[in-house]
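Below: one structure, written as structure tokens.
Numbering (the numbering used here), first residue to last: 382 to 946.
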């Protein structure tokens, strides 16, 4: 006995007419219609009506199976074979509004252009039970398996398999090859080539039809199935995906664009389906809106999603409204473990079939391999690396400058100590001179030597004074050379002068190295497009800093003059 839920509480085949009968009759006219073969008029639904004594058990069950097929499709919001029974647990949780999202392998079904959004190869496998809990224990299931493999240069190819089955009575299978290519970082296009096959179950009732030709009513073979119980066609889908901004995306797709004929006996063309929508994506949430158009039917789909716990747990919900009073609400959730994720969705019809346990869908998603890096992302990484390198070099130059400053402070302290030492030595010499008694000649020699020493010390004191006053490296070298030249053969110990000159030369060499680093830093800034004011300011600082240190800054001066001109 068939489910009361389908027939408004009345059993099929009784004396009360079934409300679904006329709908079934109109729908099945594309396949089961009045035909004439070899002069015989075969009429399945025209002659077999509920309550007729001539109908018999076989005919009643035949209509039962066909009515089941009709209701299966019409209660879902669209109608006919290969309708848009939305695929995937995550998209279903969003009410099917996924065309403008298309950021995982479910894009194989919704919008092949969205495959360009995938960063890694991805495999998705999902299964759904439709309208669980029917009284007749019938099993309506849908399955989908898809794989997409993004590449850095050659777009993203993919393959998918979809199946819808009603116990052993009806079966639809779609196998598709898909491809997407990003023409820029904003827009991508995609297409799918699909093989669609439809098959009907076989039993004693599909082998009979009522022949009303002549005076008798006889059961004979159903002519609809004379050429087989399966049809197969090739068609395709196309899609576009546009990233308007970081947060807003737009997607459109057209499915079954060739409108193939899937009839077993008579013409039964699939209608094209057009989907279009937009989505707003935040860091951990999104909203999506979409319309689906098929012939004269228009459906509106909306959905929202929110991620928690560092994007490892998600909840979502959706609402679908459309023609023929179609109303469905949906909720869903996801849990993610690195490259694995599990999705679940529950759909509850607000119209059509009622008193069921709803539709349930589960999905497993697996990501493989290394993450795809686009050209724009690679350029950004290179730019960031160059910026970090420049910052590191600037920091290095600053540390070297601080090191130079500390060295200058050390030399200054050492010079002050030496100056104090010289003053103490001078006082000691004076003391010795006052207490020493020598011969006149020795006194003259001593006096002359004392004068030389005093002159030498005075020269060194003057040098130390100039150092403390901030004399540059060039001036210090010039003073040291004069002192060394004057007292080189006088018997005065000028080893401190030579040591001081060596230390100053080291400082000068360090300054030259720092100058060269600064000039290299200037050239890099110039190559990256620094402004003229920035380059002038840097050159002025370099000249002021290193010219007083005796460094040849002619290159910087020439560059500065060029910028001023």
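Even for Gly, the Cβ is constructed at its ideal location relative to N, Cα and C.
Values in this document were obtained by computation on a predicted structure and should not be read as measured data.
For residue i, name the three-state secondary structure that DSSP assigns.
i           : result
residue 939 : helix
residue 564 : coil
residue 633 : strand
residue 581 : strand
residue 730 : strand
residue 472 : helix
residue 753 : coil
residue 574 : strand
residue 531 : coil
residue 885 : helix
residue 785 : helix
residue 493 : helix
residue 929 : coil
Which one of the options has the shortest CA to CA distance from residue i?
i           : options            : result
residue 808 : 839, 829, 782      : 839
residue 522 : 689, 536, 543, 532 : 543
residue 670 : 480, 708, 693, 896 : 480
residue 842 : 870, 874, 796      : 796
residue 681 : 565, 673, 849      : 673
residue 802 : 790, 845, 785      : 845
residue 515 : 774, 921, 547      : 547
residue 652 : 545, 678, 861      : 678
residue 862 : 743, 837, 849      : 837
residue 499 : 659, 775, 485, 557 : 485
What's the gap between the Cα of residue i and the Cα of residue j?
i           : j           : result
residue 634 : residue 493 : 8 Å
residue 525 : residue 614 : 19 Å
residue 650 : residue 640 : 6 Å
residue 668 : residue 782 : 54 Å
residue 936 : residue 831 : 48 Å
residue 944 : residue 858 : 33 Å
residue 887 : residue 750 : 55 Å
residue 699 : residue 533 : 34 Å
residue 336 : residue 768 : Only positions 382 to 946 of the chain appear in this structure, which leaves residue 336 out of reach.
residue 502 : residue 531 : 6 Å
residue 938 : residue 852 : 22 Å
residue 388 : residue 504 : With a pLDDT of only 32 at residue 388, under the threshold of 50, the placement of this residue in the model should not be trusted, and no figure is reported.
residue 834 : residue 904 : 51 Å
residue 419 : residue 611 : Because residue 419 carries a pLDDT of 34, less than 50, the predicted location of this residue cannot be relied on, and no value is offered for it.
residue 912 : residue 922 : 16 Å
residue 450 : residue 518 : Residue placement at residue 450 cannot be trusted, given a pLDDT of 47 that sits under 50; what the coordinates show is reported in the next sentence. If you take the alpha carbons of residue 450 and residue 518, they lie about 15 Å apart.
residue 520 : residue 582 : 14 Å
I'd like to know whether the C-beta atoms of residue i and residue j end up nearer to each other than 7 Å.
i           : j           : result
residue 348 : residue 885 : Past the edges of the chain, shown from 382 to 946, lies residue 348, and the structure says nothing about it.
residue 909 : residue 741 : no
residue 476 : residue 684 : yes
residue 469 : residue 697 : no
residue 902 : residue 932 : no
residue 573 : residue 642 : no
residue 536 : residue 561 : yes
residue 728 : residue 711 : yes
residue 632 : residue 483 : yes
residue 559 : residue 539 : yes
Quick check on residue i: buried or exposed, where buried means 16 or more other Cβ atoms within 10 Å of its Cβ?
i           : result
residue 636 : buried
residue 691 : exposed
residue 390 : Low local confidence applies: a pLDDT of 31 at residue 390 is under 50, so the model's placement there is unreliable, and no value is given.
residue 762 : exposed
residue 577 : buried
residue 806 : exposed
residue 875 : buried
residue 798 : exposed
residue 872 : exposed
residue 630 : buried
residue 889 : buried
residue 706 : exposed
residue 721 : exposed
residue 813 : exposed
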